[in-house]
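Written below as structure tokens is the structure these notes are about.
Dropping the structure here:
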């Protein structure tokens, strides 16, 4: 069921959006060559505890997950792009890292993701990350009252395909509010003017993700981490966005923190 939030409810979501933005900014700043993925998870757990928040991941067990996730943040590295289960791995120079983080505060959820390179960056990695970020910006621009879901999906696909990337629609954006994943599903490709009409009060997580040379995924033996079938690298950008009569409101905006 698609739920619409009142203006006071959207205001009540601001604190969790702000916390998720600040936490990701902190984690990005602290993540460098040599940082262990388990240390990132511990630090995220500490931030959650200090804020009095609740993790949306630790007990998460959807049908596609092998078991409850058991960690509080997704850490996807290089050919992993989604649902990366933190494990004992120290980041190496040039690793492409995606952090995906969702928590609840006072019963409201925000969800966001960021991709970056630690150490020496390869040009093709920076290009891939830049495409996901521009696709996310285009999706946000399309998230206006009077448009439809297909307009958001099409905006993402236009940017992605123009840069030469293929698109997987199995995993995409989704409604967010009292739970992390709700209706509507927002694929990263679609036809403009089609789908559910966008109304004031709709709150969604928009999340373009791309792989460098394929659109096919395989599941890691850990039962969670999704990797490219050909070993090519992936990037993932995501914001929680509320649609209002005054335009899209990015609840997880990091721009004021010096992090896009």
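In UniProt numbering, the protein residues as written are 1 to 260.
Ideal Cβ placement from N, Cα and C applies to all residues, glycine included.
- Per DSSP, residue 200 is not a residue of any alpha helix (DSSP H), being assigned neither H nor E.
- According to the DSSP assignment, residue 242 belongs to the beta strand (DSSP E) that extends over 239-244.
- Take the alpha-carbon of residue 40 and the one of residue 119: they are about 17 Å apart.
- Residue pairing from DSSP places residue 82 in a beta bridge opposite 226.
- Beta-bridge annotation (DSSP): residue 174 is paired with 205.
- Beta-bridge pairing by DSSP links residue 101 to 112.
- Residue 95 and residue 77 do touch by the CB rule: their CB atoms are close to 5 Å apart, below 8 Å.
- Looking at 25, 209, 15, 141, the one whose alpha-carbon comes closest to that of residue 187 is 209.
- Residue state for residue 6 is assigned as coil, using DSSP reduced to three classes.
- Under DSSP, residue 236 shares a beta bridge with 209.
- Between residue 193 and residue 211, the gap from beta carbon to beta carbon reaches 8 Å or more.
- Within a 10 Å sphere around the beta-carbon of residue 64 sit fewer than 16 other beta-carbons, which makes this residue exposed.
- Under the three-state reduction of DSSP, residue 90 is assigned to strand.
- For residue 75, the enclosing beta strand (DSSP E) stretches over residues 74-77.
- Comparing alpha carbon positions, the residue from 68, 243, 75 closest to residue 43 is 75.
- Per DSSP, the continuous beta strand (DSSP E) segment holding residue 186 begins and ends at 182-186.
- Using a Cβ distance threshold of 8 Å, residue 173 and residue 217 do not count as a contacting pair.
- The alpha-carbon of residue 11 is positioned some 26 Å away from that of residue 99.
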